[in-house]
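**Q**
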DNA sequence: AATATCGGTTTTTTT
DNA sequence: AACCGATATT
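In UniProt numbering, the protein residues as written are 1 to 869.
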């Protein structure tokens, strides 16, 4: 929509400006002219910069944006790349495919999936959906799910799919006489576990196809299947994508590797033309992959490090360029990282270096327990902020496993520090949100038995196990779907009036919702509103006495604002399109983008932290058994992966790194003594300045008590014998009510990220969503760190009984005409701001507001909790 | 059919 | 400690 020239500047005219500020290796990578390029990009070596410049360089040399496919692992990385490309080449960036593996595959399958039996409204099952399906299958086949847990079985199936092993092959090899979909089969004794896996795998795929559904791994595997079996499709994509870029290549699994090969047409037999850089040429596409084998941390999920190690053998005429200059960290931090990763065997030696100088030493701290560790971190954050002026958003706390966030969170709340927790239970995995989405899914795809059965009795309508069983039996007998069974409820034997009545009502409800959805397909937010009110989901929660349900209502309205945001940002929005974006979000997608400042300390797992950087990083839980994780300590290759994780963690820090540990840590409610992590020993001693070298208990045991500088301001805390959570009780934290804090705080204030899909915009983000025109949940101050407890008291908020549907989709009656550039407004969360832009889009009008330190936000007038001054 | 209670399991990391 | 599923109770 914008004229190209606006952002383009001289860049396209003068390619030299694309490389003039790069180092020799970077610029070689940008300019490299050839079929296959591996950029070995060490941490902080500017890989995104090189990747985007290389794309811009190609554009400047005559290739078309539409010929480019760039693949990342997270939506956030994709959005960031798109943004940076837009800065280089302007609106040309809109014509490229820049997306995750999974969304690229969805896009392909939506277009061409019918060739392999997928109708375009197909559902995408997440892990929970898949697990439900496995349980259903397990029950039908009489499988001992105690012994073979759904998780275990799904893990196996996932392995098969990541390796492109088809269920047909497995069946042929291990259970040749099983017919998927056959009724009455009982899994009795089997000679071989493989036999059981083969049968369940086949049955699982059968039911997925009956339900017109795919799981995450299917997105990749079935796209490969499509490209391999359908020449029109593979021809189309091979000629379309002449230049393929893959980020984080070390994390690709076998299926993804094959997918890239297929898309590029490497094995098509077409002859490569070495000079075929221009548009419309023949032969395999050019491939550029970027990665760092030292940052491979997803082997447990099927990532195959060999993909990157063997790149030169796999792709003809491949070239490798290493980027080893780090622009992020101090030499001290890099020395630590280099020393740790050097302990891994079988790796190509590589040394990062920096021109930034030595910097401050790494700070070490040995706490008595997790609470004290967290207390130390909170006090350091406070000190850094007040004494040294470090912004909260420039600090991050990282840990191995999500469970560790608990005590850290407590300490942050206690110290009144603003924080933001990334990950944990995802927004879309919350029960109430999943319920609402299950309705949408069932509307879009009535064959989706898993989601249909999920909502059958949600909210409670008197349809229990018996009713479900009757319908399922009928559907099975007649080889039809669960909902089709409901359609014929009067023909079901054993149906009593007491069941038939609510069942009929459910059928009618679904018909009405389906009709409504058909008429409002382009307005997902209205469909959401309709579902929430007509189904009774919202009402049930509003009527509830359970204080947790208040935040559930919050989450549901947030779902609706996410839908509103989606239809705002997406030109041709559909309900199915909305469901896609909800299915494919990652934790890291909720993080604020590069240019946004959340004003909060970020807390996340090391896995989530990959690709990010912070001036100050706290690496916590540096204990044997915590990190490295106990389950990874036995196995050499798993330990190597833990070490790479440590490498990732250390290299996130730009200026200051803290490593902390606890001598005692409670796991499963049990206090355990923890040894210092071996990774601490692997960091050269002189790089760490220990503020507290040993925990109190360790000191007594060790005998020698020499004078280390130990400003032991927390010493008092852990002296009690009971370390567990109760030791926290004497602080301002009422132990018993904590759970409620956690819920309402975490879910609505800090966890419920709203940025999703393409979204770096933040309409819904924390906009506490105007509810029936009175701002809901306003008891919370915008800044985190301060928790306004929502006890059972504010039940008064149950009032808006009046037509919740219209209330949710209505607006707060602000007129865009009343807003002008330069006007001042206040926002419930961000505070005072100045309008810098207005866009009149009728109902969906947008104002862009500068909130100073809180950044510039685009707000949808209709839903934003703002007031004009 | 819905709710209460007990007991066993759980935590690696996620598109 | 928290979550799930199975069992018992209404």
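All C-beta atoms in this analysis are idealised placements derived from N, C-alpha and C, irrespective of residue type, glycine included. Note that the structure is a prediction, hence the values are computed from the model and not measured.
#1: For residue 203, is the classification buried or exposed, using 16 other Cβ atoms within 10 angstroms of its Cβ as the cut-off for buried?
#2: Under the rule that 16 or more other beta-carbon atoms within 10 Å means buried, what is residue 637, buried or exposed?
#3: In this structure, does DSSP put residue 68 in helix, strand or coil?
#4: Assign residue 217 to buried or exposed, taking buried as 16 or more other Cβ atoms, counted over all protein chains shown, within 10 Å of its Cβ.
#5: If you follow the beta strand (DSSP E) that residue 690 is part of, which residue opens it and which one closes it?
#6: Just to confirm, is the Cβ distance from residue 396 to residue 659 under 9 Å?
#7: Check whether the segment 577-591 and the segment 124-140 touch, using three or more Cβ-Cβ pairs below 8 Å as the test.
#8: So for residue 322, helix, strand or coil by DSSP?
#9: Could you tell me whether the segment 625-634 touches the segment 673-683, using the rule of 3 or more Cβ pairs below 8 Å?
#10: What I want to know is whether the C-beta of residue 474 ends up closer than 8 Å to one or more non-hydrogen atoms of the ligand MN.
#11: Check each candidate in 95, 540, 661, 215 and name the one with the smallest Cα separation from residue 457.
#12: Check each candidate in 500, 245, 382, 690 and name the one with the smallest Cα separation from residue 35.
#13: Can you tell me which of 154, 43, 52 puts its alpha carbon nearest to the alpha carbon of residue 30?
#14: Exposed or buried, which one is residue 15 when buried takes at least 16 other CB atoms within 10 Å?
#15: In the DSSP assignment, find the unbroken alpha helix (DSSP H) run with residue 876 in it and report its ends.
#16: Within 8 Å, do at least three Cβ pairs link the segment 548-564 to the segment 427-435?
#17: Going by alpha carbons, who is nearest to residue 692 out of 414, 415, 366?
#18: Can you look up residue 676 in the DSSP assignment and give me helix, strand or coil?
#19: On the three-state DSSP scale, how would you describe residue 31?
#20: What does a CB cutoff of less than 8 Å around residue 459 pick up in its chain, not counting 5 residues either side in sequence?
#21: In terms of alpha-carbon separation, which member of 307, 605, 325, 439 lies closest to residue 533?
#22: Sort 487, 321, 465 by Cα distance to residue 475 and report the nearest one.
#23: Looking at the strands, I want to know which residues DSSP matches up with residue 215.
#24: By DSSP's criteria, residue 420 is part of a beta bridge. Which residues make up the other side?
#25: For residue 618, list the residues DSSP reports as bridge partners.
#26: Where does the unbroken beta strand (DSSP E) through residue 363 begin, and where does it stop?
#27: Grab me the residues of residue 610's own chain with a C-beta within less than 6 Å of its C-beta, minus the 5 sequence neighbours each way, in chain order.
#28: I'd like the span of the alpha helix (DSSP H) that includes residue 58, first residue to last.
#29: Residues in the same chain with beta-carbon distance under 8 Å from residue 334, minus the five sequence neighbours each way, listed in chain order, please.
#30: Kindly provide the ranges of any beta strand (DSSP E) runs that are 3 or more residues long and lie completely inside the segment 306-360, ordered along the chain.
#31: I need the boundaries of the beta strand (DSSP E) containing residue 209, first residue and last residue.
#32: Taking the C-alpha atoms as reference points, what is the distance between residue 240 and residue 290?
#33: Since residue 568 contacts residue 323 with CB under 8 Å, what's their CB separation in whole angstroms?
#34: Below 6 Å CB to CB, which residues in the same chain sit around residue 810 once its five sequence neighbours on both sides are set aside?
#35: Quick one: residues in its chain with C-beta nearer than 8 Å to the C-beta of residue 350, no 5 flanking neighbours on either side, listed in chain order?
#36: In terms of residues, what are the limits of the alpha helix (DSSP H) holding residue 167?
**A** Result, derived from the coordinates:
#1: Within the first chain, the letter at position 203 stands for residue 203. Note on residue 203: 16 or more other CB atoms within 10 angstroms of its CB, so buried under the neighbour-count rule.
#2: The count along the first chain starts at 1 and reaches residue 637 at position 637. Residue 637 counts as exposed, since fewer than 16 other C-beta atoms from the protein chains shown sit within 10 angstroms of its C-beta.
#3: In the first chain, counting from the first residue as 1, residue 68 sits at position 68. Looking at residue 68 - three-state DSSP - the assignment turns out to be strand.
#4: The sequence position of residue 217 within the first chain is 217, counting from 1. Residue burial is scored here from C-beta neighbours: residue 217 has at least 16 other C-beta atoms within 10 angstroms and is therefore classed as buried.
#5: Within the first chain, the letter at position 690 stands for residue 690. 688-692 is the extent of the beta strand (DSSP E) around residue 690.
#6: One-based indexing of the first chain puts residue 396 at position 396. One-based indexing of the first chain puts residue 659 at position 659. Against a cut-off of 9 Å, the Cβ pair of residue 659 and residue 396 comes out as no contact.
#7: Contact between the segment 577-591 and the segment 124-140 is present, because at least three Cβ pairs lie under 8 Å.
#8: One-based indexing of the first chain puts residue 322 at position 322. In the structure shown, residue 322 sits in a strand (DSSP, three-state: E or B).
#9: With the rule of 3 Cβ pairs closer than 8 Å, the segment 625-634 counts as touching the segment 673-683.
#10: This structure simply doesn't include the ligand MN, nor any ligand for that matter.
#11: Counting from one through the first chain, the residue named residue 457 turns up at place 457. In this structure, 540 is the residue among 95, 540, 661, 215 with its C-alpha nearest to the C-alpha of residue 457.
#12: Along the first chain, read from residue 1 onward, the residue named residue 35 stands at position 35. When 500, 245, 382, 690 are compared, the shortest CA-CA separation from residue 35 is found for 245.
#13: The residue you call residue 30 lines up with position 30 of the first chain. Nearest neighbour of residue 30 by Cα position, chosen from 154, 43, 52, turns out to be 52.
#14: The count along the first chain starts at 1 and reaches residue 15 at position 15. Buried: at least 16 other Cβ atoms inside 10 Å.
#15: The structure shown has nothing for residue 876, since the chain only spans 1 to 869.
#16: Taking one beta carbon from each stretch, the segment 427-435 and the segment 548-564 have 3 or more pairs nearer than 8 Å; the two touch.
#17: Position 692 of the first chain, counted from the first residue, corresponds to residue 692. Comparing Cα-Cα distances from residue 692 to each of 414, 415, 366, the minimum goes to 366.
#18: The residue you call residue 676 lines up with position 676 of the first chain. Collapsing the DSSP output to three states places residue 676 in a strand.
#19: Taking the first residue of the first chain as 1, we reach residue 31 at position 31. Looking at residue 31 - three-state DSSP - the assignment turns out to be helix.
#20: Translated into the one-based positions of the first chain, residue 459 becomes position 459. Excluding sequence neighbours, residue 459 sits near 535, 536, 537, 539, 540.
#21: For the purposes of this step, residue 533 is identified with residue 533 of the first chain, where counting begins at 1. The alpha carbon of residue 533 has as its nearest neighbour, out of 307, 605, 325, 439, the alpha carbon of 439.
#22: To locate residue 475, count along the first chain from 1; it is residue 475. Nearest Cα to residue 475 within the set 487, 321, 465: 487.
#23: Counted from its first residue, the first chain places residue 215 at position 215. DSSP output for residue 215 lists 125 as bridge partner(s).
#24: One-based indexing of the first chain puts residue 420 at position 420. Paired residues: 602.
#25: Within the first chain, numbered from 1, the residue matching residue 618 stands at position 618. For residue 618, which the question treats as bridged, DSSP gives the partners 397, 658.
#26: Along the first chain, one-based indexing puts residue 363 at 363. 362-369 is the extent of the beta strand (DSSP E) around residue 363.
#27: Counted from its first residue, the first chain places residue 610 at position 610. Contacts found: 648.
#28: Here the question's residue 58 lines up with position 58 in the first chain. Its alpha helix (DSSP H) spans residues 47-60.
#29: On the first chain, position 334 is the one that residue 334 refers to. Beyond the five residues adjoining it in sequence on each side, residue 334 comes within less than 8 Å, by CB distance, of 326, 352, 353, 354, 651 in the same chain, given in chain order.
#30: Qualifying beta strand (DSSP E) stretches, in chain order: 318-323.
#31: Against the first chain, residue 209 aligns to sequence position 209. Not the beta strand (DSSP E): residue 209 falls in the alpha helix (DSSP H), residues 193-210.
#32: As a position in the first chain, residue 240 is number 240, starting the count at 1. As a position in the first chain, residue 290 is number 290, starting the count at 1. When the Cα atoms are used, residue 240 and residue 290 turn out to be separated by approximately 21 Å.
#33: Position 568 of the first chain, counting from 1, holds the residue named residue 568. Position 323 of the first chain, counting from 1, holds the residue named residue 323. Contact doesn't hold; Cβ gap of about 39 Å is too wide.
#34: The residue given as residue 810 occupies position 810 in the first chain. Unreliable placement is indicated for residue 810, whose pLDDT of 31 sits below 50; no coordinate value is reported for it.
#35: Your numbering for residue 350 matches position 350 in the first chain. 40, 42, 294, 322, 324, listed in sequence order.
#36: Within the first chain, numbered from 1, the residue matching residue 167 stands at position 167. In the DSSP assignment, residue 167 falls within the unbroken alpha helix (DSSP H) covering 167-174.
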